[in-house]
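*Asks:* Submitted below is the structure of interest, expressed as structure tokens.
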Amino acid sequence: MKYLKLIIMKPLEGYLHLTAWLIFAWLYFQIILSATALFCIPSLFSFYFFEFNTALNIVYGASGLGFIVGIWWAENIRKTHGIITFHAYLLSTPEIEGWRDRYGNVIKKR
Numbered sequence: 002m003k004y005l006k007l008i009i010m011k012p013l014e015g016y017l018h019l020t021a022w023l024i025f026a027w028l029y030f031q032i033i034l035s036a037t038a039l040f041c042i043p044s045l046f047s048f049y050f051f052e053f054n055t056a057l058n059i060v061y062g063a064s065g066l067g068f069i070v071g072i073w074w075a076e077n078i079r080k081t082h083g084i085i086t087f088h089a090y091l092l093s094t095p096e097i098e099g100w101r102d103r104y105g106n107v108i109k110k111r
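In terms of our numbering, the sequence shown is numbered consecutively and its last residue is 111.
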């Protein structure tokens with residue numbers, strides 16, 4: 002019976018670990034991608050002022066710089082807050098759930 006439980010549980014545990022890792026990696030990549038987009042979008046205006054090849058090099062440079070800044074930003078968030086906690090804070094609705102102090106306790110109105 003012990004071996005049967007082991008045969009059933011190990012693939013399930015592996016699946017759950019893989020899913021958790023993929024979710025973490027995707028949230029990490031979202032932070033990097035947002036910084037890259039913030040650097041890349043304003044550089045698109047260079048197509049109005051420069052010829053095509055020069056403007057394309059400016060966009061490539063800005064997106065590369067944004068990617069590097071995004072990695073730095075994501076690592077900073079991972080070390081200070083945590084990736085999951087950061088995204089949970091972004092998705093929170095304190096108007097519905099109630100405002101919380103730094104320890105996670107709901108603040109009551111006085």
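Every residue gets a Cβ at the ideal spot worked out from N, C-alpha and C, and that includes glycine.
How would you write the range of the alpha helix (DSSP H) that Asn77 sits in, first residue to last?
*Replies:* Looking at the DSSP string, the run of the alpha helix (DSSP H) that includes Asn77 is 53-81.
*Asks:* Compare the C-alpha of His88 against each of Gln31, Ala36, Glu52, Pro43 and name the closest.
*Replies:* The option with the nearest alpha carbon to His88 is Gln31.
*Asks:* Around the Cβ of Gly65, are there at least 16 other Cβ atoms within 10 angstroms (buried) or fewer (exposed)?
*Replies:* It counts as exposed.
*Asks:* With a threshold of 8 Å on Cβ separation, who are the neighbours of Cys41 within its own chain once the five nearest residues in sequence on each side are excluded?
*Replies:* Hits under 8 Å: Val60, Ala63, Ser64, Gly67.
*Asks:* Would you tell me roughly how many angstroms separate the C-alpha atoms of Met10 and Trp22, rounded to the nearest one?
*Replies:* Approximately 18 Å between the Cα atoms of the pair.
*Asks:* If you draw a straight line from the alpha carbon of Tyr4 to that of Phe25, how long is it in whole angstroms?
*Replies:* Cα to Cα, Tyr4 sits roughly 31 Å from Phe25.
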